[in-house]
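Q: Everything in the sequence shown is counted per my numbering, starting at 36 for the first residue and increasing by one.
Beta carbons are placed, not taken as given, at the ideal position from N, Cα and C, and that holds for glycine.
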Amino acid sequence: MATGKEIAHQRCISPRCGATYSIDEVRVACAACGSLLDVAYDWDRAAVPASLQWFESKWSQRHDPLCFSGVWRFRELLPFAAAQHVVTIGEGQTLLLPSAGVAKYVGLTGGPLYLQYEGMNPSGSFKDNGMSAAFTHARSIGARRAACASTGNTSASLALYCSVTNLMRAIIFVGSGKIAYGKLAQALDYGALTVQIAGDFDDAMQRVKEVSAKLGIYLVNSVNPFRLEGQKTIMYRVLEGLRWEVPDWIVVPGGNLGNSSAFGKAFAELHELGLIQRIPRLAVINAAGANTLHELYERRGLRWNAGALDRGTIDAYYRELDRRQQRAETIASAIEINRPVNLEKCLRALAVCDGVVREVSDQQILDAKAQVGAGGLGCEPASAASVAGAKLLVEEGIIHRDQRVVCVLTGHQLKDPTATVAYHTTDQEMFNQVLGRRGVKRAAFANRAVEVNNDLDEIVRAIQLYS
Ligand code: F0G
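1) Would you say the beta carbon of T55 is closer than 7 angstroms to some non-hydrogen atom of the ligand F0G?
2) Within the present structure, is the beta-carbon of A369 separated from the nearest heavy atom of the ligand F0G by less than 7 angstroms?
3) On the CB-based measure, 16 or more other CB atoms within 10 Å of its CB, does E264 come out buried or exposed?
4) Indicate the three-state DSSP secondary structure (helix, strand or coil) for W89 in the structure shown.
5) Can you find the residues in the same chain that come closer than 7 angstroms, C-beta to C-beta, to A479, ignoring five residues on each side of it along the sequence?
6) Looking at P288 and the ligand PLP, is the gap between the Cβ and the nearest heavy atom below 7 angstroms?
7) Measure the beta-carbon distance from K153 to I48 and round it to whole angstroms, keeping in mind my assumption that it falls under 8 angstroms.
8) Let me know if S134 comes out buried or exposed under the rule of 16 or more other beta-carbons within 10 Å of its beta-carbon.
9) Are G127 and N188 close, meaning C-beta to C-beta below 8 angstroms?
10) Return the chain-ordered list of same chain residues with a C-beta closer than 6 angstroms to the C-beta of A454, the five sequence neighbours on each side being excluded.
11) Determine contact between the segment 406–414 and the segment 300–316, defined as no fewer than three beta-carbon pairs at a distance below 8 angstroms.
12) So N259 and A169 are in contact, right, with Cβ under 8 angstroms, and what is the actual spacing, rounded?
13) DSSP has D492 in a bridge; who is on the other side?
14) Are the CB atoms of L223 and A205 within a distance shorter than 8 angstroms?
15) Is V429 helix, strand or coil by DSSP?
16) Using a Cβ-based criterion (distance less than 7 angstroms to any ligand heavy atom), does N291 qualify as near the ligand F0G?
17) Check whether the Cβ of I372 lies closer than 7 angstroms to any heavy atom of the ligand F0G, and answer yes or no.
18) Leaving out five residues on either side along the sequence, give the residues of the same chain with a beta carbon under 6 angstroms from the beta carbon of E252.
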């Protein structure tokens, strides 16, 4: 199979520019025009299978790490690396779980709602899909240090890949007090150099770009085009879980907009290669307190427009944010981002997938999260935005009740126990401190612990009363 430089290059996403670069170069933007880059392939020379079913042949070769990995068993669809460079720690063993309970909550009547559960990844979030691809590229060019800014999951993933593979030293930038404890705990335990910046994610992102350019450190944020190649495979696994049938809707939370961008690229390529006949619709869900994409796409009408997008609209909005000193603010800390670095790629994905964008409140997010916990696998707050968004779109009649819907659950429930415990607590002070100040008024689906004295009769009475 032809791989690597023979068939892959980096290409500016702006059709008017289209500058290309070798995959040996480390770039996070086009040198000519500053736009983002894609990894592009000369598909005519690649060994693309005739049908998606072909990938099932890998299931019987699970002893081979490249077939075991949920990323690399689709290697033919991201053929930028030679087999000996591939870095895998067994990522992508995920589940597409049908949930009748969540379907009911969302208002679907035609069958279950599917939850694509990325919490099963080694570091507990979807980031490992992208990290294994970024590490593969980093290894091929001999990088020794890697950095990211993070709301917690990218940093956990980077730290884990460094600790398991020993290929690079991890340097992570986090906003002080801005990441959930489960995620911070991972970075510290895995031994990453953790830089807590007095600021938020948007500040940290800006700084990590400057620092990595200055010190020549390999950047693994989703501006790295190789990372998004790995994240395409989330959609391949969704199709695999549906026996290669295309669903009607993919619903995904939007933060830095890497996932949505990767999904759009995945479907555009599959369609171009004739491996799917139809492209699903994409719904990207912002938290209302971090709603740049929603504001620009739905309220100000910003579109990809075949690459001729109106940058003035984006600049004017960011100036407004600065003037108002408006910072991103949501309980869904993973998506607490006002300046998503993949905005333009995401607009392209929305064009490819006839997409919509919605915003949901912290109240809607937490109620949806409780429903996922009660009828699914549990997830962190940001992930539940997808379910809350699907519910809203059903209520609006945009998603039809009989349609087949896949919500991506991006991160594990245990990432952010603080939010979960505060939702279910009987301690009003804790509720107010964690949630009340964010406008969350009630916990409609709370499962409250029963408090009893350490007394056998009392315990028995309580169990009889409540069970
Ligand atoms: N869900 C979770 C659990 C996340 O951690 C993130 C992003 C998103 C959704 C949003 O995904 O950026 O592709 O739109 N977390 C990043 C981080 C920003 O630093 O861990 P996106």
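A: Reading from the atomic positions:
1) No.
2) Distances from the CB of A369 to the heavy atoms of the ligand F0G include at least one below 7 angstroms.
3) E264 is buried by the Cβ-count criterion.
4) The answer is helix: DSSP assigns W89 an H, G or I state.
5) Here the set comprises D402.
6) With respect to small molecules bound, the structure shown includes the ligand F0G and not the ligand PLP.
7) At residue 153 the sequence reads Glu, which differs from the Lys that was named. Taking the Cβ atoms as the reference, E153 lies roughly 25 angstroms from I48, outside the contact range of under 8 angstroms.
8) Taking a 10 Å sphere around the C-beta of S134, we find 16 or more other C-beta atoms and assign the residue as buried.
9) No, the Cβ-Cβ distance between G127 and N188 is not below 8 angstroms.
10) Closer than 6 angstroms at Cβ, skipping near neighbours: I366, P416.
11) Verdict: no, contact absent.
12) In this structure N259 is in contact with A169, their Cβ atoms being roughly 5 angstroms apart against a cut-off of 8 angstroms.
13) In the DSSP output, where bridge partners are listed per residue, D492 has none listed.
14) No, Cβ-Cβ distance for A205 and L223 is not below 8 angstroms.
15) Secondary structure at V429: helix, using DSSP grouped into helix, strand and coil.
16) Shortest gap from the CB of N291 to any heavy atom of the ligand F0G: under 7 angstroms.
17) The beta carbon of I372 sits closer than 7 angstroms to at least one heavy atom of the ligand F0G.
18) One point to set straight first is that residue 252 is Ile, not Glu, in the sequence displayed. Cβ within range, chain order: R180, A182.
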